Each structure stands twice: as C-alpha cells, then as structure tokens.
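These notes concern the structure reproduced below.
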Amino acid sequence: KQEVTQIPAALSVPEGENLVLNCSFTDSAIYNLQWFRQDPGKGLTSLLLIQSSQREQTSGRLNASLDKSSGRSTLYIAASQPGDSATYLCAVTSGGSYIPTFGRGTSLIVHP
Amino acid sequence: ETGVTQTPRHLVMGMTNKKSLKCEQHLGHNAMYWYKQSAKKPLELMFVYNFKEQTENNSVPSRFSPECPNSSHLFLHLHTLQPEDSALYLCASSQDRGGASYEQYFGPGTRLTVT
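Line by line, the protein sequences give chains Y and B.
Quick note on numbering: our numbering labels position 96 of the first sequence as 96, and the sequence is numbered without any gaps.
For our numbering, count along the second sequence from 1 and bump the result up by 112.
Here it is in structure tokens:
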C-alpha cells in the first residue's frame with residue numbers, strides 16, 4: 001500500500017526566502033505525482049504534475065522534482081511571498097491502481 | 113475557478129436527515145471523484161467514476177451513496193450520518209481515470225456538519 005509523507009508539517013518563514021517542501025513515497029511504481037495548494041476551507045488548486053518519466057516541472061517561481069528511485073519529490077518555491085501562505089499537498093498516483101494517495105500536507109506561512 | 117463546481121458550499125444536517133451533495137464539471141472530463149477531508153487526516157478517496165461507471169469504492173459506509181447520471185454530474189446522497197462524518201467533501205475530475213498526464217481538478221468543497 002502506497003504511503004506518502006510530507007516534511008515539514010508546518011513552516012513559517014519571512015518573505016523573500018527560497019523554500020523546499022519535501023514529499024516521500026514508499027512504492028516507486030508510480031504513474032505521476034501532483035502538487036496542490038489548498039487555502040483554508042477551500043478546494044485544492046493544482047500547481048504542477050510530474051509524470052513518472054519526467055524529472056521536473058516548472059511554473060513561474062515553482063519547481064518540482066521527482067526521483068522515483070529514492071521515492072522523493074521536492075517543491076521549490078523561489079522568493080516566497082505572503083500570498084504563498086497555504087497548505088501544500090502532494091499526491092502520488094500508483095501504477096495499476098490509478099488511485100491517488102495524498103500526504104498530510106505542509107502548512108506554510110510567509111510573513112511580511 | 114477550476115471548472116468544477118459544488119453545491120451547497122455549507123450544509124448542516126441532523127443524524128436522521130437525508131441530503132445530497134452535487135458536483136458538476138465543465139471541463140469535458142470522463143472521470144469524477146469524491147474525497148473526504150477531515151481535520152488532521154490525509155485526504156481520503158471515497159469513490160471514483162469513469163465514463164459514468166463506478167470503478168472504485170474505498171470501503172465507504174453505505175450511508176454514503178454516490179450517483180453519476182452522466183460524465184458531467186456527480187452526486188453524493190447522505191442518510192443517517194454520524195457526527196464523525198462531519199468534514200469537507202471534495203469533488204474532483206480528470207480527463208480519464210488512467211493516464212500519467214491526467215491532472216485532477218478540484219471543486220471548492222462542501223463543508224458538512226452533522227449534529
């Protein structure tokens with residue numbers, strides 16, 4: 001059974017810092033990995049999707065990498081802003097089952 | 113806006129009530145999902161529909177009954193719920209159930225409180 005862990009659980013940083021959020025998974029036979037952002041009480045917004053054959057994806061200040069062999073993905077946020085404050089979730093879709101497994105998320109606060 | 117809408121956004125119901133949650137997607141997708149998000153727990157997949165057929169039921173109690181009349185609409189019928197069923201219920205859609213490049217798009221969720 002796939003298990004997804006996100007570290008750290010919470011992070012508070014001053015504006016302008018570069019951040020790294022971590023996601024690890026136990027079964028490397030994955031279809032894809034998707035990073036989401038969730039604002040309090042709201043739905044999830046897709047940030048980046050990395051297919052199993054890819055190593056990284058970039059969108060603006062966000063860069064996500066995938067290392068299947070070590071069961072890890074990182075989300076890099078450059079020059080953080082207060083508007084980046086949210087919970088960041090990673091979801092891994094395992095090959096064969098097509099069922100996404102979510103981590104518990106990293107709660108990020110960027111203060112001015 | 114993600115192209116996935118959910119109604120109602122908030123719902124308070126007693127344990128003996130019957131209510132329904134509605135999800136609609138305007139993205140032309142073929143797969144739709146129901147998730148439950150409780151405090152301090154990871155997001156839990158409940159049901160998956162692909163081309164209107166249920167493909168996954170993640171051991172969900174029978175007091176939750178899904179319905180998918182077409183690829184654009186998904187319902188979750190609720191009856192005789194328990195207080196521990198209080199949670200944020202999220203609907204999502206994707207192009208298809210499989211496919212490495214298929215992103216999931218989520219609705220804003222329904223905040224359910226069972227009294």
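For every residue, glycine included, the Cβ atom is placed at its ideal position computed from N, Cα and C.
Computed from a predicted structure; not experimentally measured.
- Backbone secondary structure at E215(B) - three-state DSSP: Working through the second sequence from its first residue, we reach residue 215(B) at position 103. Correct three-state label for E215(B): coil.
- Take F176(B) and list the residues in its own chain whose beta-carbon comes closer than 7 Å to its own, dropping the five residues that flank it on each side. For the purposes of this step, residue 176(B) is identified with residue 64 of the second sequence, where counting begins at 1. Excluding sequence neighbours, F176(B) sits near M158, L188, L190.
- Query: Name the chain Y residues that come within less than 7 Å of E168(B), Cβ to Cβ?
  - Reply: Stepping through the second sequence from its first residue, residue 168(B) is reached at position 56. Under the 7 Å cutoff, chain Y gives I99.
- Message: Using CA atoms only, rank isn't needed, just tell me which of F36(Y), T87(Y), Q2(Y), G83(Y) is closest to L11(Y).
- Response: Position 11 of the first sequence, counted from the start, is the residue given in the question as residue 11(Y). Measuring from the Cα of L11(Y), the nearest candidate turns out to be T87(Y).
- Kindly indicate the opening and closing residues of the beta strand (DSSP E) around K131(B). Within the second sequence, numbered from 1, the residue matching residue 131(B) stands at position 19. Note, K131(B): beta strand (DSSP E), 130-137.
- Contact list for K42(Y) against chain B, beta-carbon separation under 8 Å: The sequence position of residue 42(Y) within the first sequence is 42, counting from 1. What K42(Y) touches in chain B: P220, G221.
- Residue of H138(B), L139(B), N169(B), M127(B) minimising C-alpha distance to P195(B): Position 83 of the second sequence, counted from the start, is the residue given in the question as residue 195(B). Ranking the options by Cα distance to P195(B), first place goes to M127(B).
- Message: Determine whether the beta carbon atoms of N32(Y) and T93(Y) lie at a separation below 8 Å.
- Response: Residue mapping note: residue 32(Y) aligns to position 32 of the first sequence, counting from 1. Residue mapping note: residue 93(Y) aligns to position 93 of the first sequence, counting from 1. Yes, the pair counts as a contact, with Cβ atoms nearer than the cut-off.
- Task: For H185(B), collect the residues of the same chain with a Cβ closer than 6 Å to its Cβ; drop the 5 residues on either side in sequence, then sort them by chain order.
- Result: In the second sequence, counting from the first residue as 1, residue 185(B) sits at position 73. Once the five neighbours on either side are set aside, the close Cβ partners of H185(B) are E136.
- What are the start and end residues of the beta strand (DSSP E) that includes F159(B)? Residue mapping note: residue 159(B) aligns to position 47 of the second sequence, counting from 1. From DSSP, the beta strand (DSSP E) with F159(B) extends over 156-162.
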